[in-house]
Each structure stands twice: as structure tokens, then as C-alpha cells.
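Trainee:
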Amino acid sequence: MSDDLSQVKLPDDDGRVPVRLDVNGRARTLRVHPTQTLLDALREQLRLHGARSGCGVGMCGACTVIIDEQAVSGCLTMAALCDGRQVRTVEGLEARDGTLSPVPEAFLRHRAFQCSYCTSGFVLALEALLAADPEPDEAAVREAFSGHICRCGSYSRIMAAAREVAGIGTALDVAAVETRERA
Amino acid sequence: MLDARDRVTGRTPFVINHEVPGMLHCRLVRSTAAHAAVRAVRTAEAAAQRGVVAVVTGADLTARGDMAMLFGPVLLDQPVLAVDVVRYIGEPVAAVVAEDPAAAERAAALVEVDYEHKAAVFDADEAFAPGAPLLFPEAPERDPSFADVTLRADHERNVCNTFTVVRGDVEAGFAAAELVVDDVYESPAAGAVPLETHAVVADARPDRLTVWSSTQTPYITRRQLALMFGLPLNRVRVIVPALGGGFGAKAYATVEPIAAALSRVVGAPVRLHLTREEEFVTMTKHAMRVRLRTGVMRDGRIVAREATAIYNAGAYAVISPRKVMFGAYGLNGPYAIPNVRTEAHAVLTNTPPAGAYRGFAINQCAWAYENQLDEIAERLGLDPVEIRRINLLRDGDEFCTGEKLHHLRFTELLDSAAERIGWGTEDPVQVGDVVRAKGVSCVIEGTITPSTSTAAVRLNPDGSVDVLTSSVEMGQGIRPALAGAVARRLGVDPELVQVSYVDTDLTPYDQQTTASRSMYSMGGATGRAADDVLGQVRELAADLLEADPADVVVTNGRAHVAGIEGDGIPIGDVVARSRVGNVLGEGTLVTEGGLDPFTGQGIGSVHWHQSVGAAEVEVDLATGRVTVLRYAGGVFAGEVIDPVGAQHQCEGCLVFGVGNALLEELVFDQGQLVNGSLADYMVPALEDMPASHDFELVEDREQGDVHGLGEPALPPIAPAIGNAVYRATGVRLHSLPISPEKVLRGLRERRDAARRDETVADETVEVHS
Chain A
12 MSDDLSQVKL PDDDGRVPVR LDVNGRARTL RVHPTQTLLD ALREQLRLHG ARSGCGVGMC
72 GACTVIIDEQ AVSGCLTMAA LCDGRQVRTV EGLEARDGTL SPVPEAFLRH RAFQCSYCTS
132 GFVLALEALL AADPEPDEAA VREAFSGHIC RCGSYSRIMA AAREVAGIGT ALDVAAVETR
192 ERA
Chain B
3 MLDARDRVTG RTPFVINHEV PGMLHCRLVR STAAHAAVRA VRTAEAAAQR GVVAVVTGAD
63 LTARGDMAML FGPVLLDQPV LAVDVVRYIG EPVAAVVAED PAAAERAAAL VEVDYEHKAA
123 VFDADEAFAP GAPLLFPEAP ERDPSFADVT LRADHERNVC NTFTVVRGDV EAGFAAAELV
183 VDDVYESPAA GAVPLETHAV VADARPDRLT VWSSTQTPYI TRRQLALMFG LPLNRVRVIV
243 PALGGGFGAK AYATVEPIAA ALSRVVGAPV RLHLTREEEF VTMTKHAMRV RLRTGVMRDG
303 RIVAREATAI YNAGAYAVIS PRKVMFGAYG LNGPYAIPNV RTEAHAVLTN TPPAGAYRGF
363 AINQCAWAYE NQLDEIAERL GLDPVEIRRI NLLRDGDEFC TGEKLHHLRF TELLDSAAER
423 IGWGTEDPVQ VGDVVRAKGV SCVIEGTITP STSTAAVRLN PDGSVDVLTS SVEMGQGIRP
483 ALAGAVARRL GVDPELVQVS YVDTDLTPYD QQTTASRSMY SMGGATGRAA DDVLGQVREL
543 AADLLEADPA DVVVTNGRAH VAGIEGDGIP IGDVVARSRV GNVLGEGTLV TEGGLDPFTG
603 QGIGSVHWHQ SVGAAEVEVD LATGRVTVLR YAGGVFAGEV IDPVGAQHQC EGCLVFGVGN
663 ALLEELVFDQ GQLVNGSLAD YMVPALEDMP ASHDFELVED REQGDVHGLG EPALPPIAPA
723 IGNAVYRATG VRLHSLPISP EKVLRGLRER RDAARRDETV ADETVEVHS
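Taken in sequence, the protein lines are chains A and B.
So that you can map any letter, position 64 of the first sequence is 75 in my numbering, and since no number is skipped, the others follow by simple counting.
So that you can map any letter, position 689 of the second sequence is 691 in my numbering, and since no number is skipped, the others follow by simple counting.
1. Mapping the DSSP letters down to three states, classify B/Glu653 as helix, strand or coil.
2. Kindly indicate which three-state DSSP category A/Cys86 falls into: helix, strand or coil?
3. Can B/Val186 and B/Val292 be called in contact, C-beta distance under 8 Å?
4. With respect to the beta strand (DSSP E) encompassing B/Leu181, which residues constitute its N-terminal and C-terminal limits?
5. Does any CB atom of chain B fall closer than 8 Å to the CB of A/Thr130?
6. Report the residue ranges of all alpha helix (DSSP H) runs contained in full by the region 363 to 438 of chain B; include only those spanning at least 4 residues, in chain order.
7. Starting from the beta carbon of A/Val68, find every residue of chain B whose beta carbon is closer than 7 Å, and list them in chain order.
8. What residues from the region 156 to 186 of chain A come within 9 Å of chain B, judged by C-beta to C-beta, listed N to C?
9. Quick one: complete alpha helix (DSSP H) runs, 4+ long, within the region 85 to 145 of chain B?
10. With three or more beta-carbon pairs closer than 8 Å as the criterion, would you say the region 231 to 250 of chain B touches the region 170 to 185 of chain B?
11. Our contact map puts B/Gly60 next to B/Ala39 with C-beta atoms below 8 Å; I'd like the distance itself, whole angstroms only.
12. On a Cα-Cα basis, can you pick out the residue from B/Ala126, B/Glu158, B/Phe130 and B/Gly479 that is closest to B/Pro139?
13. Buried or exposed: A/Leu21, going by 16 or more other Cβ atoms within 10 Å of its Cβ?
14. Determine the chain B residues that contact A/Pro113 at a beta-carbon separation under 9 Å, and present them in chain order.
15. May I ask you to list the residues that DSSP assigns as paired with B/Pro340?
16. I need the straight-line Cα distance from A/Leu137 to B/Asp8, nearest angstrom please.
17. Buried or exposed: where does B/Arg2 fall if 16 or more other Cβ atoms within 10 Å of its Cβ makes it buried?
18. What residue range does the beta strand (DSSP E) around B/Ile304 cover?
19. Could you pull the DSSP bridge partners for B/Met290 from this structure?
20. Please name the residue in B/Gln432, B/Gly441 and B/Gly398 whose C-alpha comes closest to that of B/Ala419.
21. Whole-angstrom Cβ separation of B/Ala363 and B/Phe328, contact assumed at under 8 Å?
22. So what's A/Gln56 in DSSP terms, helix, strand or just coil?
23. Grouping DSSP H, G and I as helix and E and B as strand, with all else coil, what is A/Val98?
24. From the beta carbon of B/Gln366, is the nearest beta carbon of chain A less than 8 Å away?
25. For B/Phe697, name the three-state secondary structure that DSSP assigns.
26. Out of B/Arg734, B/Glu666, B/Leu591 and B/Arg273, which one is the CA nearest neighbour of B/Glu101?
27. According to DSSP, is B/Ile571 helix, strand or coil?
28. Exposed or buried, B/Pro208, counting other C-beta atoms within 10 Å across all chains shown (16 or more means buried)?
29. Can you give me the C-alpha to C-alpha distance between B/Cys28 and B/Arg66, rounded to a whole angstrom?
30. Could you give the uninterrupted runs of the beta strand (DSSP E) lying entirely in the region 192 to 220 of chain B, keeping only those of 3 residues or more?
31. DSSP state of B/Phe249, grouped into three classes?
32. Can you tell me whether B/Ser613 is helix, strand or coil according to DSSP?
33. By the 8 Å beta-carbon criterion, what residues does the region 631 to 650 of chain B contribute toward chain A?
34. Residues bridged to B/Val442 by DSSP?
35. Whose C-alpha, out of B/Asn558, B/Ile18 and B/Val660, is nearest the C-alpha of B/Ile740?
36. Could one say the Cβ of A/Ala52 lies closer than 8 Å to chain B's Cβ atoms, at least one of them?
So, in C-alpha cells, the structure goes:
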């Protein structure tokens, strides 16, 4: 994150580095190992379970979080290098009164998930895209999703939710399965 | 929908979220030898690291004498940790238990293992040949709980089971045939790649074992662990929260025996969560090679089929002994063939164990026979749709197992898919270097039979309903589907119905969540449990209404005397006013069946899935790249319970089908997996999916059978794509995946052959002129 070496802290006696983060609008201070990933710190220390490890090499998108408005892979981001950063996870898209922000709300309405292991990643990828470009076209949405895998295969409903929340065209006809009944 | 909010807010309860006080973490040390005697495991340096609690080897576990070292669903052949021998690269040899995962990982790298290498064998045909290195010179013991699997093992040839189907007189059939096509088809090993890798937390106490696991088979896992530790079944508790996908890979015990053994050693709860690299070598899709010989008449009728399939089972049997049954009858395909002899062998090799995988052996079969059928059609000058129409099984036909089949809709499914893809219009169409063409395929698939599901439905005094089931929710949506079905049966709002996650202390027996069986089998059991609730409610309501129970009926969630709906009592109020606390209904669904392993005759499946597919592809002749443009599928569903869930399941099949067809292959070099990472092993992303697709689900509610939809849509996909690629390019590939390299090679060979033909033709002309 920072290229300024003077900003890099050396570990304390227990091998850890203190890190101050703004996580979903809340100031948090963690002590992390220098090689600990942000994903691990969020999951194991802050018990924020929305980001998940899927591949460990930044290919599947399941660990996506937003750092200062950029969607990044939590599994490739060192927690120690996030000092002073603003981190948003999928948990931050739900208000205390339970109100969902538009992206997860659209995913919910379209049932754009199966096992949901990947869902946070898709939601945050779209969230970051919309923050940068409130009126993206379909190509931009597809580009934002290009680093995300849904192995269960919910892509068409994910796209339907995304199109709706991004205001692209008319909402897709979600009844893509035709059923016929015959005696 | 049940828990839908949790699924978009990051709260789905996966095993990896689960923590137990005092929990330790584990990292496995895995074999770097494909087949070797383990001479020494040096653990001292690892054990001395900060944060390390224990370093455990197979020998350490054996020396304790308080647990069985071998497990496996059919054969007790798989060691918890390798004892004297390792049989594949990636096999667990030792385990480091530490205070945090990073400490366990660092220490695991310091464990050194001395191997004395043995001859290894990786290809299943080579392992099957006489004189091959043997993985198990002596037969492993059996677990009697899988007694319905008859073993025809041949340890001299690494065969863990063989299954044969015989119908009619195959020699006579071939003698009568006017054309015989004989070829070899191959499907590679592949990974199921659930995004959540295998995860388990085990807490072993001297007289009690609790396991939180990402398993598709909680009751089989309970049985395996009870057997291993010599505990009564009810002293082993298996809790299964939500799975982040399973697709077969999480069927049968894998990580649970390891974590349970380690927990017992260190006296503390242990979490084991596999890395993606480990996941790839934990359970694979069987590589399969089949020699398929089919005899036809000039009018297109198939009169004989002979097939010998070799399934590469990897180093341990797991469920391969059952898979060969699906793999043998599956080769008949959905056609009325009078003379058949198919045989499938599961052969052990020094590669990671192969297990269940979405489509359970039928993908590999369909790739072969649907590929070949198009070749036959071409040689006979028949249209691919027409040759299928001629041969498709029809109502009342006998399948190769001797079963008379009913409710068959193959022809209309095929006609509809062909129409939707635009079959019969100009095909192929070439613009510049890009060619478009279409292909079709048809598949029959069974579900696991015999099988047993049990369930309980509980009606509360406020009218809310709990469904207690051991069906595993792995994203397929079994919980919302069961909620909907039970709500409909009881006449209550689906929002009032809660469906449990699995806890073997609380939720009744279910055989397994595999084989697309849950909606039929567990749906049947919960339906019966709901009927039991209604029966009890009628009895209770009869007292309250001062009526004869025989006259009391329940409609729209109210109990009333038949014909007098106005005076009814809501069923929740019946519970409250009767002071029974709750009404607990039970339901069981047991299916009977089984096939003779020498003849394949009997009952193979309680009902048969019918599925078709039609694909339109685009092939870039310059690069060999294949793109699936459109896909039209069709499946006989019986009854669709949850339309959105049904769509999800079919689209999930499309992800697997496109992946199998174009991208997915586990590549091994001398037993070493070389692409065991999602940076190297490609699974379909959004851009790999067809621009449009639709699935037609044909219902027949009169017939009453609900068909599971987890798998049926999958097996036709790869052959439909392969057949389309052939029509586009003239390149007929017999092995998956259809990679750009293979397509380009095929195109080059065709060009070279054409050039040779031209040369020969020119020479011929010269001779004659």
C-alpha cells in the first residue's frame, strides 16, 4: 500500500505490528503478524465472516473487501500495510436497523446466490464500481465481475441484480426456466 | 426465502466461521512420493517451534491403540495418516497442531519424511494390465454398512470393483449390424472446486466426539467415526451448517477422521481447513477411458453395443465400488438397444482418490456415446436429431437393466430443445475465420437406489412449523424447497416454516445428500411427516369440535368438519387448545432396488432422469478457441417445487458442463498435480458462459414423482458442445476438454490429410491420363 519505507513499522517483541483501521465506519486497532493477510485479520480477529478464502491467490474473488473505495483481494493484502486505511466489508452494507444498501438488497430480491460463499465478493465488486461510476454500462459491470467465480452458477441472476441496481436496460426476465405440465 | 438475508450480508453459517473455546489449528504434511514406504518421519524441529502443540504421525496414532487407522465408506482402506506406505502425492503423512494456522504452516514445512520409493502407476489402463505395480496386494476389509455394494474386486489388477450389464445377445447383434463403429473416448480427472474447501472442527472427549463438518454425508461420517473410535453411534455428533458448495467432493469422510484423531491426541478442539491446493488432491472426478463399439442398421437403428470402461479410482476406493454400477448401465444411454454388454472397472492408481462428482459417472458415459452417435449418423447420412428420434427409449420400453420405463418424454424434450436452438436452419455458418454450428445430445441417469430418508415435522402452538431434516444445505436450496413443500402440504404460509441444519443429535437419519435424491427422497419423507402431523391434528381437533375424527379435515391450515369450513380451528390453535405442547410427525421413505453386478439386471433406479441439450458454438479457426453462444436444455422434472431453485440448479450444471467441455482438466506429471491452483485450473467465470441459455423443465404432476434437479441437466452439455464443434470444424475430438490446442491440431491434421488426398488425386489423374 504505502511505498514510503519510513511508514513501515517494525514488529514488537511478540512479533506483531499494531494497525489502526476504520472498518465499516468503526475505528479498530489490531496487532497483526507482518505476514498476516487482511482477510485473516478480519475473519479471525474481528470475526467479520463475510469475506472468505477461496483460492489464496487472488483468482476467485471470495475474499474481496473495499479499501479506500477500491475492491481488493483480502487474501493478497497484508494487514500490516493497511494502517490508517478505510476498510469496508459486506457487513458494512447493512445498517443497524437492518436496512440493506441497494446492492445487497438487489441480490436478495433477485435471489442472486446459491451457497453464497462468493456473494460478498460480487456485492462488493459492484459496490466499488458504483462508487467510482454511478452509471456503469454492462461491459463495466462484467469487467468488475471478471475476477469473481460463482461455482454454483448464479451468474444470470447476479447480472439481473446488477443491471437493476446499475440502471442498465430493463430488468432481466428472471423466469428463464420454462416449465411445462402435461398429463 | 429461508435465511436469504444471511446470504447477502455475510452471515451464512459456514464451518470455517465456527470457533470452539481452546480451539487449535492444524496443517497437514503431505506426501511428495507417489508410491513409497515411509521409512522415517522427523518431527523434532517442527515440534520445537513457537506455538506448536503437537506434531503427529500415523505411527503415533497407531501406537496409541485407541482408534482404528483405516476408514472408507465401502472398503476400510484409507489411513487417517499414512502408516507404512504412501500411495499418492498429496496423501496426509503427518499433522502439526498449533495455536494458530500460521504457526502450524511454518512448522509443517520443517517436517522431514524419508521415503523408499516403489514402482508407481498413474494411468488406469496400465494399472489394469498384468504385471502392474499393486496398490493393495491384499484385500482391505469391508464396512458392512455398505452391504448393498457387491464386490467383484481383482487385486492382481488393482481393480476395486467391476460391474457388468448384459442384455440380449451382443454377438448376434453385431453379426446382424450393417455398420459397426468402434472407438475410444476419454474424460480427464477434474476438480469439483467448491469455493469453500473442506473444513472441519473436531472436539474429541474420551467418551464423546463432536464434529462440525462441511460434509454432504453426515450420517455416513458419523458411522465412520463411530467405527474408528469404537463408540456407539450416539456418542458421535456430526453438525453440518451451510456448505459453500459440495458437488460430490464433500461426500464421504475425508478430513473428519484426521481432525478427530488429532483432537483426541491433543485433548483440545482442532480446526482443519484445507487450502485450495489440498482440495484439488482430496477428491477428484474419475478420469475415464472407454472402448465403445456400436452396431447399427442402415436405417439408423442401434442393434448392439459393447463397452469396456476403465475408471481411474485414484489411490483409495472411496465410492468407486458403487460408481461402476452407474458407469456400466450409463453406457447404454437413453436408447432402446436390444443387445448390450457394458462393463466398468474401477482401477486403483497412484493418483489422488476419485470420488463422487456431479453427474456421477454419467458425464463420462455421455461424452462417449453421444459423441459416437453423431459419427454414426454422419456415416449413415442421417441427421443427428433424427438418429436420436429413431432410437430414444419410449414409454413401456425396457432399459438394459430389464426395468420397464414409464413417463418417458425424451422425444418431446429433444424436439423442443432442437427447435429452441434453431436446428435445421443453415449449419454451419462461416464468416471469415469464425464458424458457428449446433449440436445436440440426450442422456439417461439414475438416482441412488436403494435409499432411505427420514424426517420429522413439528407443529407449534402458534401455527409455525419446524422441519427436522439431515439433508445438507450446500447451496442447492434444499431448505427453502422443503419449506415450500411442507407448507403446501399443511396449507400454511411458507414463511411460517423453518428447516433445520443438520445435527445428528437432533435431526433424524438421512442416507446422504448426493445423487439428486433429496427432493424426491427427503421431500417424500417430510411429506409423510407432514401427513402424520395432519392425522394427529385431526384426532385432536375432533375432540375440540366434538366430531368424529373421520369427519375432520384440514384445509388451508384449518381443521374443520367436512363441509363446514366456517367453524374451523387454525391448526396451531388445535395444538394450543389441546395442551399437547407440539405435534410431532414422523416420515420415512425407503426405496428398494439394486442390480446384479454380473448381469446388471434388477432395479437400477427408483426413477430415471431424462435430459437433453442443444448447443450453438462459435469456433475461431485461427486460434482454435470455442465459445458457447447459446444453450437450450430440457429435463423431465416430474414436479417443480421451487422454480428459482430449479433454475439455479440447471445453471449450475451449465457452469460444470461448459467447464468440463472447454476448460477443466487436472494435469498430472508422474503423479504430481501440476495445475492445482485456481491460477492454473480454469473454471468458468461470467465471460465463459453462453450469452443466452434456457432450460425447459417438463412436469407431470399426475405421475407424482418429484425428480431432483442437481445433476440431470449436466451430462448432455459437453457432448452437445463437442458435436457442435465437429459440425463447425470437422474436428472430432474423442478426449475432453476441447482445448484450443486440440482444435488447432485437429484442423491442421485435416488440412494435411486434404493435401495428401489432393496429391494422391493428382497422381491418380496423371496415371490415368
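Ideal Cβ placement from N, Cα and C applies to all residues, glycine included.
The model shown is predicted, which means the values in this text are computed figures rather than measured ones.
Mentor: Quick answer:
1. Helix at B/Glu653.
2. helix
3. When the beta-carbon positions are compared, B/Val186 and B/Val292 come within less than 8 Å of each other.
4. Leu181 to Ser189
5. yes
6. As far as the region 363 to 438 of chain B is concerned, its whole alpha helix (DSSP H) runs of at least 4 residues are 364 to 382, 386 to 393 and 412 to 423.
7. Ser679, Leu680 and Ala681
8. Going along the region 156 to 186 of chain A in chain order, one finds Phe156, Ser157, Gly158, His159, Ile160, Cys161, Arg162, Cys163, Gly164, Ser165, Tyr166, Ser167, Arg168, Ile169, Met170, Val185 and Ala186 with a Cβ nearer than 9 Å to chain B.
9. 103 to 110 and 126 to 130
10. no
11. Actually they are not in contact, since the Cβ atoms of B/Gly60 and B/Ala39 sit about 12 Å apart, beyond 8 Å.
12. B/Glu158
13. exposed
14. Ordered by position in chain B, no residue passes the 9 Å Cβ test against A/Pro113, which lies about 12 Å from the chain.
15. None; B/Pro340 has no bridge partner.
16. 18 Å
17. Chain B is shown only over 3 to 771; residue 2 of chain B falls outside these bounds and no answer can be derived.
18. Ile304 to Gly316
19. B/Ser189 and B/Tyr313
20. Closest option to B/Ala419, Cα to Cα, is B/Gly441.
21. 4 Å
22. Helix, per DSSP.
23. Of the three classes helix, strand and coil, the one that applies to A/Val98 here is strand, per DSSP.
24. No, no contact with chain A.
25. strand
26. B/Arg273
27. Strand at B/Ile571.
28. exposed
29. 20 Å
30. 201 to 207 and 210 to 215
31. coil
32. strand
33. Of all residues in the region 631 to 650 of chain B, only Ala639, Val642, Pro645, Val646, Ala648, Gln649 and His650 place a beta-carbon less than 8 Å from a beta-carbon of chain A.
34. B/Ala616
35. Closest by alpha carbon: B/Val660.
36. no
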